[in-house]
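Trainee:
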Amino acid sequence: MRIAIIGFGAAAIGFIEKMKNSGHEIHIFEKSKDIYSSSISGIRADGKLFVSKEMGGELDVDLDLQKKLVDFWIEKTGNGDCERGSSFKNLYYYKTFYEKGFQPVISDFYHLGTDQLKEVLFNIFEEYKTLPDIHFHFESPVSKIEIKGDKVSIDFDDVFDKIIVAVGRSGHKLIKTIIKAYPELVLDSSRVDIGVRFELPDHIVEDLNKEMYEFKVKYKSKTGYMVRTFCNNPSGYVVTENYGDFTTVNGHARIKDKSKNTNFAILTTVQLTEPFNDPIGYGSNIAKMSNMLGGDRVILQTYSHFVNSKRTKNLYRVQPTLAKEKYILGDINLCYPRRIIESIIDFAENLNKAIPGITHPDNLVYAPEIKFYTNTLNNHEFKNLKFIGDCSGYTRSIIYATAHGYLMAEEILGA
Ligand SMILES: Cc1cc2nc3c(=O)[nH]c(=O)nc-3n(C[C@H](O)[C@H](O)[C@H](O)COP(=O)(O)OP(=O)(O)OC[C@H]3O[C@@H](n4cnc5c(N)ncnc54)[C@H](O)[C@@H]3O)c2cc1C
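If you count by our numbering, then the sequence shown holds residues 2 to 416, one letter each, in order.
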C-alpha cells in the first residue's frame with residue numbers, strides 16, 4: 002500500500018513506529034521547514050508523559066501500551082534522563098483531596114523537559130529517515146484532501162491508497178476544509194476549556210511536587226461546571242502561546258534551569274448545547290477580548306484582585322516568571338464570563354483547604370488560558386481517510402496521540 006501521513010508529530014510517530022517494517026510505502030508531508038523548525042509538532046514543550054486511564058484523551062488505551070510508549074520516548078533521549086512521580090497513588094493524599102470534594106486523578110508521570118524534547122524528536126527522525134520505505138517531504142503543507150473512489154489525493158495531485166491525517170491542533174485549517182467537504186465526518190463539537198494559569202512560590206506546593214510531580218484533580222463547582230487542574234510545572238515558567246490572531250498563556254518546566262515558582266492551569270470545561278456549535282469561535286473571542294484589553298499582551302492579576310474585581314497595579318511577594326514585555330497588570334473580570342470566574346474562584350478556595358496557601362492574596366493569575374477541543378471525527382466514515390491524534394478529537398496528550406497512531410497502524414495491518 003502507498004500511505005500518506007499528513008504531519009509529523011506524536012500521532013504520526015506512533016503510526017510509523019508500528020508500520021515501519023511492514024513493507025508499505027510511507028510518505029510524510031510536514032508543513033515545517035525541517036526537523037529543527039520551531040513550528041514542528043506539539044511535542045516541543047514540555048514533555049510530561051503519563052500513564053493513566055483517566056486523562057489524555059477519549060480513547061481506551063491499555064495501560065501496558067501506554068507504559069511501552071512512555072519507555073519508547075524515554076529511550077529516545079539517549080540517556081534515559083527524566084523526572085518521575087505518581088499522582089494520588091499515596092492514599093493519604095487521595096483521602097485528603099477526596100474529603101474536600103475533589104476527584105483525584107491517578108497516574109504515573111515522567112517528565113522529559115522542554116530542553117530534551119528537541120533532541121528526542123531529532124533522534125526519532127534520524128532513525129526513520131534511514132528506513133527504505135519511509136519518505137519525508139518537509140515544507141509540504143497540505144491544504145486539500147479528496148476522496149476518489151478507492152484512492153485519496155492531496156494538493157499536489159499525488160494519489161494514495163490511504164491518507165492518515167495527523168496534523169494536531171495547528172492543522173485546524175486543513176481539518177476545517179475537510180469538514181466543509183465531508184460534513185458527515187463530524188460526531189461532536191460543543192466543548193472548550195477556559196481558565197487561568199496560577200503561579201505561586203514552590204514552597205506552597207513543595208510536598209505535592211515531590212510526591213507527584215503533577216497533581217491532577219477535578220471538581221464539580223457550585224456553578225455546575227467541572228473544573229480541573231492541568232499542566233503543573235514545578236520550578237517552571239509561564240510562557241505565551243501564539244495562535245496567529247490571539248495569544249494565550251501556558252506553562253512549562255525544564256530539566257535543568259529551574260525557577261522558584263510553580264505554575265498550573267485551572268480550567269473550566271464549558272459544554273454548551275444547541276444551537277451552539279462553535280466552541281473554537283467562543284474560546285477565540287474570549288481570548289481576543291482579553292488581548293484587546295491587554296494591548297496585545299496577556300493579563301496578569303494578583304489572586305485577591307481577581308476575586309475582588311480590581312485592576313492590579315503592583316505585585317508583592319510573588320514575581321512572575323513570564324517576561325515583562327509579554328503581560329500587562331489588569332483585571333481579568335473585564336473579559337471573562339461571570340460563571341467561569343465564579344467556577345475558578347470556587348475551585349481555588351476549595352483547593353486552599355487541601356493546600357493552604359493557594360489563595361494567598363499575592364499569588365498570580367494569568368489569562369487567557371484556553372484549551373480547544375477539536376471536533377470528534379468519525380474514523381469509520383471512509384475506508385481510506387483516517388484521523389489520528391489531537392486533530393481527530395480523541396486525544397489531548399503525547400502518549401494518547403502516540404497510542405492512537407500505533408493502534409491505527411495495528412488496525413490497518415490487521416485488516
Ligand atoms: C505548549 C504545549 C505544551 C504541551 N505539553 C504537553 C505535555 O507536557 N505532555 C503532553 O502529554 N502533552 C502536551 N501537549 C499536548 C501535546 O503536544 C499534543 O497532545 C500532541 O503533540 C498531539 O500530537 P499530534 O501528533 O496529534 O499533533 P502534533 O504533535 O501537534 O503534530 C502535528 C504536526 O502536523 C503538522 N501540520 C499541521 N498542519 C499541517 C498541514 N496542513 N500539512 C502538513 N503538516 C501539518 C504540524 O507542523 C505538526 O508538526 C502540549 C501542547 C502544547 C501546545
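Cβ coordinates follow ideal geometry from the N, Cα and C atoms, glycine included.
Relative to the alpha-carbon of A349, which residue among Y93, G102, F123 has its alpha-carbon at the smallest distance?
Mentor: One-based indexing of the sequence shown puts residue 349 at position 348. Of the candidates Y93, G102, F123, the one whose C-alpha sits nearest the C-alpha of A349 is G102.
Trainee: Output the distance between the C-alpha atoms of F98 and I399, rounded to the nearest integer angstrom.
Mentor: What you label residue 98 is simply residue 97 of the sequence shown in a count that begins at 1. What you label residue 399 is simply residue 398 of the sequence shown in a count that begins at 1. C-alpha separation (whole angstroms): 27 Å.
Trainee: Can you check which of these residues, K314, V62, S88, D159, is closest to T230 by C-alpha distance?
Mentor: Walking along the sequence shown from the start, residue 230 turns up at place 229. The candidate whose alpha carbon is nearest that of T230 is S88.
Trainee: Can you grab the Cα-Cα spacing for the pair I342 / F265, in whole Å?
Mentor: Numbered from 1 along the sequence shown, position 341 holds the residue referred to as residue 342. Numbered from 1 along the sequence shown, position 264 holds the residue referred to as residue 265. Roughly 16 Å between the two C-alpha positions.
Trainee: Given the structure, does S144 come close to ligand 1, in the sense that its CB is under 7 Å from one of the ligand's heavy atoms?
Mentor: Counted from its first residue, the sequence shown places residue 144 at position 143. It does: the Cβ of S144 is within 7 Å (strictly closer) of some heavy atom of ligand 1.
Trainee: Does the separation of the CB atoms of D391 and H253 fall below 8 Å?
Mentor: Counted from its first residue, the sequence shown places residue 391 at position 390. Counted from its first residue, the sequence shown places residue 253 at position 252. Taking 8 Å as the Cβ cut-off, D391 and H253 do not qualify as a contacting pair.
Trainee: Using CA coordinates, which residue listed in Y111, G86, I148 is at the minimum distance from E418?
Mentor: Since the displayed the chain opens at 2 and closes at 416, residue 418 lies outside it and no answer follows.
Trainee: Run the proximity test for F9: is its beta-carbon closer than 7 Å to any non-hydrogen atom belonging to ligand 1?
Mentor: What you label residue 9 is simply residue 8 of the sequence shown in a count that begins at 1. Checking every heavy atom of ligand 1 against the Cβ of F9, one is found closer than 7 Å.
Trainee: From what residue to what residue does the beta strand (DSSP E) around H136 run?
Mentor: Position 135 of the sequence shown, counted from the first residue, corresponds to residue 136. Here the beta strand (DSSP E) through H136 covers 135–138.
Trainee: Assess contact between the region 281–297 and the region 146–166, defined as three or more Cβ pairs (one per stretch) separated by less than 8 Å. Is contact present?
Mentor: Judged by Cβ distances under 8 Å, the region 281–297 makes no contact with the region 146–166, as fewer than three pairs qualify.
Trainee: In the region 319–356, which residue ranges form an unbroken alpha helix (DSSP H) of at least 4 residues, counting only runs that do not cross its ends?
Mentor: The region 319–356 contains these whole alpha helix (DSSP H) runs: 339–355.
Trainee: Would you identify the three-state DSSP class for I413, choosing helix, strand or coil?
Mentor: In the sequence shown, residue 413 corresponds to position 412, counting from 1. Three-state result, I413: helix.
Trainee: Please report the residue range of the alpha helix (DSSP H) in which S291 lies.
Mentor: On the sequence shown, position 290 is the one that residue 291 refers to. Start and end: 280–294.
Trainee: Who are the Cβ neighbours of S154 in its own chain at under 7 Å, not counting the five residues just before and after it?
Mentor: For the purposes of this step, residue 154 is identified with residue 153 of the sequence shown, where counting begins at 1. Closer than 7 Å at the Cβ level, and outside the excluded window around S154, lie E147, V160.
Trainee: Could you please give the first and the last residue of the uninterrupted beta strand (DSSP E) stretch that includes D194?
Mentor: The count along the sequence shown starts at 1 and reaches residue 194 at position 193. Per DSSP, D194 belongs to the beta strand (DSSP E) from 192–202.
Trainee: So N124 is in the beta strand (DSSP E); what residue range does that whole segment cover?
Mentor: Residue mapping note: residue 124 aligns to position 123 of the sequence shown, counting from 1. Run containing N124: none in the beta strand (DSSP E); it sits in the alpha helix (DSSP H), 115–129.
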